[in-house]
Each structure stands twice: as C-alpha cells, then as structure tokens.
Amino acid sequence: MAGDDGLGRDFGRLWGAYATSSLGTWLALDSLPLIAVLALDASAAQLSWMAAASGAAGALLAVPLGPWVEFQRKRPLMIRADLVRFLVLMSVPAAHVLGLLSYPQLLAVAVVVAVSDIVFVGASGTHLKSLVPDRHLTRANSRFETVTWVSTAIGPPAGGALIGVLGPVVTVVLNAVSYALSALGIRAIATPEPAPPARPARPAGAAGAPGAAGGSRLAEVAAGWRVIAADRDLRLLFANSVLVNALIMATAPLLLHLMLNDLGFTPLEYGLGFGVPCLGGIVGARLSRPLVRRFGERRILLGFGAARAVWLVGLVFVGPGTGGLLVVMAVEMAMITCVGVFNPVLVTYRLRRPPKETLARVLTAWTISSRAAIAAATALGGVLAGVVGGRAAIAVAGVLLIGTTALLPR
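Sequence positions in the sequence shown follow the numbering used here and run 656 to 1065.
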C-alpha cells in the first residue's frame, strides 16, 4: 500500500482517492468530444472550440478563487470539488436518456468541471505539503505520477472498448462515480489539517476608503503571479510548462478528428494509441527519484524538460491502418516517458520554492495560466486547421514545441 513506506496511512488514503478519480478521468478520456462527434456530429473546429471555450471560461471564472482557496481549509474544498464534478457529469447521461442532450450543455459541463479542477489542484498541493514531510515529497509525487500513467495506460483502451459496446455516455457515468469515491477517500483522512493562513489585515483607514477593498482583493488575486515572477527559475519553468502543456493539448482534438474521422480508426484503436504508450510514463515516474539522486534536480529539469519537447512533430506522419497506429504509439511513448521523469521533479520543486502562505495562490495561478493557454492554443489550432488542415496544424504545434526548450533554466 502507498502508505507503508514512511509516507503514512493517511497518504495511502489520499493516494487511493487520487487513483480512483484518475482512473475514472482517463477511462472517460475525450468522452465529451466523443459524444459531440458520435451523437451530435460535431466538426473538428467545433471540437477545438469546445476545448478552448471550456478552458478559457474555466480559467476566467477561477481567477478570483486563488485567495479564497488560500484562506480556507483545503480538505473540505477538495471534497466539495469532487462532489460538484460528480453532480455536473451525471447531468450528461440524464439529458441523454431524456433526449435533451445538446452541444451547449456539453460546453457548460466542461466549464464547471474545469473550474472544479482548478480549485482541487490549488487545494491539493498545499494539503499534500502539510501531510507529507518535505524529505518525502519527491517520492510522494512520483507515486502520484505513477498512478497517472497507470490510469492513462488502462483507461483509454478500456474506455474505448466500453464506448464501442455501450456508447460514450457510460464512461461519463463511471468518471462521475470516481469523483464520488474520491470524496469518500479524502473524507477518511484522519490527520488533523493545519489551520489555513490568516487573511492579512487591511491597512488602517482602508476600510470604507473608495476602491480600497477592490485594491486589496486585486492584490490578493495577483499574489500567486507576483511570487512566480519574482523567482527567476520558477518564472522560466512556469513559462515553459504553460507553453508545453498548451501546445501538446492543442493537438488533441485535431488528432482525435484526424484518426476517427479522416483515417477511419475505431474508438478502441484510438484508446490503444494513447493507452499503451503510457507504460512509458510509469517507467519514467519510477526512474525520476533515482535519476534526481544521481544527477541532481536541475540537470533532470533541463535534460528531460528539453527531451519531452522534441517528439510531437512526429504525429504529422500518422497514416491509416496498423502502421499509422504504431507511429502514434511510438511518438507518444517517447514523449510520455520523458514527461514521466520530468513532472514529479517539477511538482516537488514548485511546492518547495514559494512561501507557505502563498503556495495555494501560486498553484492556482499556475493552473489558471495553463488552462487559459491551452484554451487559446486550442482555439488557434482549430482556426489553423480550418485553413491549412489538421495535419499541418499539428506540424506547426510540433515545431513551436521544440522552441520552448529555450525557456528552461540553465
């Protein structure tokens, strides 16, 4: 069990909750876009706009949440975020059964899930740091990274098989249930949670001054970005991480449409194309901590940060049939292995650098920026695909991704 090696029994409960929700998430990989394609006959541009609109709206709505998350107890917030995701996802099968499912509803569901994700991420990082001793943070984050890639390896193929037999709505139900189970697991954690930091008092005379409350609130909202901007290495890693995630995720709806619509792959084949390569993520996550011990944190951040950026352009060469599926698997395997090494080191570094009293705002600012960048890149990818085609748009994203290596801290 995850809690038997010095990380503690309560870490095992948190790890189990995360494993459950992670498996549900990856089982339902692209379930909303798949429903849009298979049930509502959406185009490639509509898929890109769905991802972009939900990401942008979710990020915009979450901007004022950083200070709110910072000054609240984190465990109840995580539970509430899980329950909100459960309820909103269950609205999809309900509407489908009643014959009321629509593209606007899928957009609304995606937005609410995106906001809840941001709240959960902002709360969970701070909660983990209070639950696990600092010396064990890399090990704990490697455990989470391993779970992510195990779920990603199992989820998409299993989800593709379920979609092929029962349709895409069933995976949405399973994803919703996974969030309910995650909430129960987090609620079972027994270790008392430290009190959240106290909200700083306003300067004398600020109360009642015109605009003072708004200025104070604006400063609280911007605190996460200010902390990132003031730390050179954190600033570079932030810029690199945001752009890498945006460019990789922007190609997802384009590749989905290319594989399912243009090249004739089945949902099961699509799931296999992304599930099997995630075995590389498991290997990378297991290697992360030993590699840090041998080469040091900074070398791993630089080396594997650059290595994870060079593979995406290979997706340009995807063709029909078994050969095309093998190309997808090879490219994704190489990229995901590098990501599996890099991510636990980045996450641990990001937890250690900021002051404790601003950590939740830093994590929230980081997540909001990443989601907003993904939304913008996905929207631009959809526009570009409409002009030059999906394959050419993937090529542009791959070339730009290589350029992000210039932002890694030397």
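Where is the CB? At the ideal position from N, CA and C, for every residue including glycine.
Item, Value
"Helix, strand or coil at R949 [DSSP, three-state]", "helix"
"Buried versus exposed, by CB contacts within 10 Å (16 or more), A861", "Because A861 sits at a pLDDT of 44, beneath the cut-off of 50, its placement in the model cannot be relied upon, and the point is left open."
"Reduced DSSP category for W670 - H, G, I as helix; E, B as strand; rest coil", "helix"
"Residues near A868 in its chain [Cβ-Cβ closer than 7 angstroms; skip 5 each side]", "Only weak support exists for where A868 lies, its pLDDT of 40 falling under 50; the value from the coordinates is given anyway. Closer than 7 angstroms at the Cβ level, and outside the excluded window around A868, lies no residue."
"Beta-carbon proximity of V766 to L716, cut-off 9 angstroms", "yes"
"Alpha-carbon spacing of Y673 relative to S785, whole angstroms", "17 angstroms"
"DSSP state of F775 mapped onto helix, strand, coil", "helix"
"With 16 other Cβ atoms within 10 Å as the buried cut-off, status of L909", "buried"
"Candidates L892, R740, L902, of which the one nearest V828 by Cα", "R740"
"Local Cβ density within 10 Å of V776, reported as buried at 16 or more and exposed below that", "buried"
"R1007 vs D789 beta-carbon contact at 9 angstroms", "yes"
"Where P788 sits in the DSSP three-state scheme", "coil"
"Inter-residue spacing [alpha-carbon to alpha-carbon] between Y1004 and L702", "34 angstroms"
"Buried versus exposed, by CB contacts within 10 Å (16 or more), T1022", "buried"
"Buried/exposed call for L923, threshold 16 Cβ in 10 Å", "buried"
"Secondary structure of V1051, DSSP reduced to three states", "helix"
"Nearest candidate by alpha-carbon position, reference V931, set L957, A989, S676, M904", "A989"
"Pairwise C-alpha distance: A907 and L980", "15 angstroms"
"Delimiting residues of the alpha helix (DSSP H) encompassing G1037", "1014-1043"
"Cβ neighbour criterion (16 or more within 10 Å) applied to F950", "exposed"
"Candidates S686, Y834, P847: closest to D665 by CA position", "P847"
"Separation of A845 from R668, as counted between CA atoms", "9 angstroms"
"Whole-Å CB distance - L678 paired with S837, under 8 angstroms assumed", "Going by Cβ atoms, the distance from L678 to S837 rounds to 10 angstroms, so no, they are not a contact pair."
"Residues of its chain near L695, where Cβ-Cβ distance is below 6 angstroms and the 5 sequence neighbours each way are ignored", "Y758"
"Span of the alpha helix (DSSP H) around L687", "686-693"
"As assigned by DSSP and simplified to three states, the class of R1008", "coil"
"Rounded C-alpha distance that separates A736 from A835", "10 angstroms"
"Inter-residue spacing [alpha-carbon to alpha-carbon] between V768 and V774", "10 angstroms"
"Which of helix, strand or coil DSSP assigns to V718", "coil"
"CB of P811 within 9 angstroms of CB of G926, strictly", "yes"
"Nearest-angstrom Cα separation, counted from A853 out to A1061", "39 angstroms"
"Reference K729, options S746, T781, L682, closest by Cα", "T781"
"Supposed contact pair M733 and S779 - C-beta distance, whole angstroms, cut 8 angstroms", "6 angstroms"
"Cut-off 6 angstroms between Cβ atoms - residues of its own chain near L1039, not counting five sequence neighbours on either side", "A1048"
"Neighbourhood of V947 by C-beta, 7 angstroms cutoff - its chain only, sequence neighbours within 5 removed", "T793, I955, V1000"
"Segment contact, 8 angstroms Cβ cut-off, at least three pairs: the segment 815-827 with the segment 933-942", "no"
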